[in-house]
Amino acid sequence: MTPRSARVVVAGASMAGLRAAEQLRAAGWTGAITLVGDEPHMPYNRPPLSKEVLAGKAAFTSLSFRPRASVADVQWRLGTKAVAARLARNTVELDDGETLSYDGLVVATGMRPRRLSCPGPLVGRHTVRTIDDAQSLRQALTRPAVRVVVVGGGFIGCEVAATAVALGARQVTVVDPLPLPMAGPLGELLAGALLKRHEERGVRFALDAGVTGFTGDDHVTGVALGDGTVLPADVVVESVGSVANTEWLDGNGLDLSDGVLTDEHLRVGGRPEVVAVGDVARFPNARYDGVPRRVEHWCIPTDTAKHAAKTLVAHLTGSTAGLPPFAPLPTFWSDQHDFRLQSFGAPALGKEDVRVLEGVLDGDVVVGYHTGGRLTGVVALGGQAAAVAASRYRAELLKQPAPTA
Amino acid sequence: MKVVVDMNKCQDHGQCVFAAPEVFSMDDSGRLAYVADPDDALRDEVEEAADVCPLQAIRIED
Numbered sequence: 001m002t003p004r005s006a007r008v009v010v011a012g013a014s015m016a017g018l019r020a021a022e023q024l025r026a027a028g029w030t031g032a033i034t035l036v037g038d039e040p041h042m043p044y045n046r047p048p049l050s051k052e053v054l055a056g057k058a059a060f061t062s063l064s065f066r067p068r069a070s071v072a073d074v075q076w077r078l079g080t081k082a083v084a085a086r087l088a089r090n091t092v093e094l095d096d097g098e099t100l101s102y103d104g105l106v107v108a109t110g111m112r113p114r115r116l117s118c119p120g121p122l123v124g125r126h127t128v129r130t131i132d133d134a135q136s137l138r139q140a141l142t143r144p145a146v147r148v149v150v151v152g153g154g155f156i157g158c159e160v161a162a163t164a165v166a167l168g169a170r171q172v173t174v175v176d177p178l179p180l181p182m183a184g185p186l187g188e189l190l191a192g193a194l195l196k197r198h199e200e201r202g203v204r205f206a207l208d209a210g211v212t213g214f215t216g217d218d219h220v221t222g223v224a225l226g227d228g229t230v231l232p233a234d235v236v237v238e239s240v241g242s243v244a245n246t247e248w249l250d251g252n253g254l255d256l257s258d259g260v261l262t263d264e265h266l267r268v269g270g271r272p273e274v275v276a277v278g279d280v281a282r283f284p285n286a287r288y289d290g291v292p293r294r295v296e297h298w299c300i301p302t303d304t305a306k307h308a309a310k311t312l313v314a315h316l317t318g319s320t321a322g323l324p325p326f327a328p329l330p331t332f333w334s335d336q337h338d339f340r341l342q343s344f345g346a347p348a349l350g351k352e353d354v355r356v357l358e359g360v361l362d363g364d365v366v367v368g369y370h371t372g373g374r375l376t377g378v379v380a381l382g383g384q385a386a387a388v389a390a391s392r393y394r395a396e397l398l399k400q401p402a403p404t405a
Numbered sequence: 001m002k003v004v005v006d007m008n009k010c011q012d013h014g015q016c017v018f019a020a021p022e023v024f025s026m027d028d029s030g031r032l033a034y035v036a037d038p039d040d041a042l043r044d045e046v047e048e049a050a051d052v053c054p055l056q057a058i059r060i061e062d
């Protein structure tokens, strides 16, 4: 039982914040819950922003999550931002001047896109993080015969490039400082196969290339590269990683060097009344090497919310959680053109030993990543058959010990 | 409990199968099949399946 007057404040009202509220209820929290979120929208689903929604195949209005009935009584403070916290006093300050006191605090403030700091005009430069970003990018991409430069050859960048081709852009070029797209998470073998697939479908690449500036007076007309080339561009998409929204936690002695550092139960700064969820949380995964990392996969808000809520409610109600350390099995997917990438486990930790497990690289394929002879992750590339094959390896990855810290 | 999957939205990611294997399954060609009226004892699992659906295509109707 929790006292009615007690309150948990959830800072951040996107997927992680919503799931945290739902899981607090599922874990038995009957006190008040206040969700504070800077966007004016109710929590919505982000993956379609670079794919179906950008392509016009799904409406913006279809993205909202359906909250569980258990959170019907939470207080939503949308369009409001947490700007400061005093953890020693259990208070959070909002940008409208109000100070909220809390018994428990959930840090769910997520990430924002990193921006390029090169000289040149700002108009015509886009990011893809929010519904408003995607709306504005869709407008830009649906003008006739646009030339598009995507800066950043990661998953989002490559998804946007694929979608831009499908929308009929005149020219789509992906710029990346590395020699292959998506090689960081996937390794060279699959990255090479992906480069080929993208090129066959009309995406151009400028690799080993850095952006030095943007040409144009008011509106971007081109992207200048380090070797002097200027790629003509009507639309530029910056997809160069993200920055954690943790400034509001400054001054509390926390490790905010990349997101907010947590322990193996997602507790922040040794404070049992403060937990972090979603991609802002930098947590150790007991399934792997115990090195704390932020994970920007779609499943992480839900996984972290479930564990963190149990941790927090146990503390607030004076019971013992008795939870094993947090040990999620990572999973991610990416839809690009007519193929899907589906991953289970942690391929990036096994990039030194990559083997084709099933299929062939230019068809449906399942690739395994190993370290010390142990399978750390699998990635399927291709159609549905590849995804089904990959899911067979998921059981093997799950069986592997999640060592207790 | 009544489970409804919007098959126009479903893209056969299979996350629901992992969350609630007694309710959701994939056939050999990777298409989703599901039990439309599962036992109420499975509610937690089905709620989790609905949460982890990347397309948010699963709805629980009481």
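These protein sequences, in sequence, are chains S and L.
Counting in the UniProt record's numbering, the first sequence runs from 1 upward without gaps.
Counting in the UniProt record's numbering, the second sequence runs from 1 upward without gaps.
Beta carbons: idealized from backbone N, C-alpha and C, even for Gly.
In this text, all values refer to a predicted model and were calculated from it rather than measured experimentally.
| Asked | Found |
| --- | --- |
| Cross-chain neighbours of S:W298 in chain L, by beta carbon under 7 Å | P54 |
| Stretch-stretch touch, CB-based, cutoff 8 Å, three pairs: the stretch 197 to 215 of chain S with the stretch 91 to 98 of chain S | no |
| S:F205 - containing beta strand (DSSP E), residue span | 203 to 206 |
| Alpha-carbon spacing of S:A405 relative to S:L329, whole angstroms | At S:A405, the pLDDT of 34 sits below 50, so the modelled position is not reliable; the number obtained from the coordinates is stated separately. Each residue's Cα considered, the two are about 16 Å apart. |
| Spatial distance of S:T311 from S:V274 (CA atoms) | 10 Å |
| Contact under 9 Å by Cβ, S:G110 with S:A16 | yes |
| Beta-carbon gap between S:A244 and S:V106 smaller than 9 Å | no |
| DSSP-derived helix/strand/coil call for S:H307 | helix |
| Cutoff 6 Å; reference S:P185; Cβ partners in own chain excluding five residues on either side | A348 |
| Start-to-end residues for the alpha helix (DSSP H) that takes in S:Y393 | 384 to 399 |
| Sheet register partners of S:A224 (DSSP bridge) | S:G213, S:V230 |
| Any alpha helix (DSSP H) of 4 or more consecutive residues that is wholly inside the stretch 297 to 383 of chain S | 300 to 317 |
| Closest residue to S:D250 among S:F332, S:V235, S:G269, S:V365 (Cα-Cα distance) | S:G269 |
| Minimum Cβ-Cβ distance from S:S391 to chain L less than 9 Å | yes |
| Residues within the UniProt domain "4Fe-4S ferredoxin-type" (1 to 29) of chain L neighbouring chain S, beta-carbon criterion of under 9 Å | K9, Q11, D12, H13, G14, Q15, V17, F18, M26, D28, S29 |
| Interface flag, L:E47 vs chain S, CB-CB below 9 Å | yes |
| Cβ-based burial, S:L137 [other Cβ within 10 Å; buried from 16] | buried |
| Closer than 9 Å to chain S by CB, L:D40 | no |
| Every unbroken alpha helix (DSSP H) within the stretch 52 to 139 of chain S, with a cutoff of 4 residues, ordered by chain | 52 to 55 |
| Residues within the stretch 32 to 51 of chain S neighbouring chain L, beta-carbon criterion of under 7 Å | N45, P47 |
| Enclosing alpha helix (DSSP H) for S:G157 [first to last residue] | 155 to 166 |
| Stretch pair the stretch 358 to 373 of chain S + the stretch 7 to 16 of chain L: three plus CB contacts closer than 8 Å | no |
| Cβ-based burial, S:E238 [other Cβ within 10 Å; buried from 16] | buried |
| Delimiting residues of the alpha helix (DSSP H) encompassing L:E48 | 43 to 52 |
| Beta-carbon proximity check, residue 424 of chain S vs S:L49, cutoff 9 Å | Residue 424 of chain S cannot be examined here, being either before or after the span of chain S that is shown, 1 to 405. |
| CA nearest to the CA of S:A145, picked from S:R125, S:H126, S:F283, S:A166 | S:A166 |
| Listed by chain order, chain L residues near S:V388 by CB distance under 7 Å | M26, G30 |
| Chain L residues whose Cβ lies nearer than 9 Å to that of S:Q400 | Per Cβ cutoff of 9 Å: no residues; S:Q400 is ~16 Å from chain L at best. |
| Cβ of S:D338 within 9 Å of any chain L Cβ | no |
| Contacting residues, own chain, Cβ-Cβ under 6 Å from S:D133 (five flanking each side not counted) | T127 |
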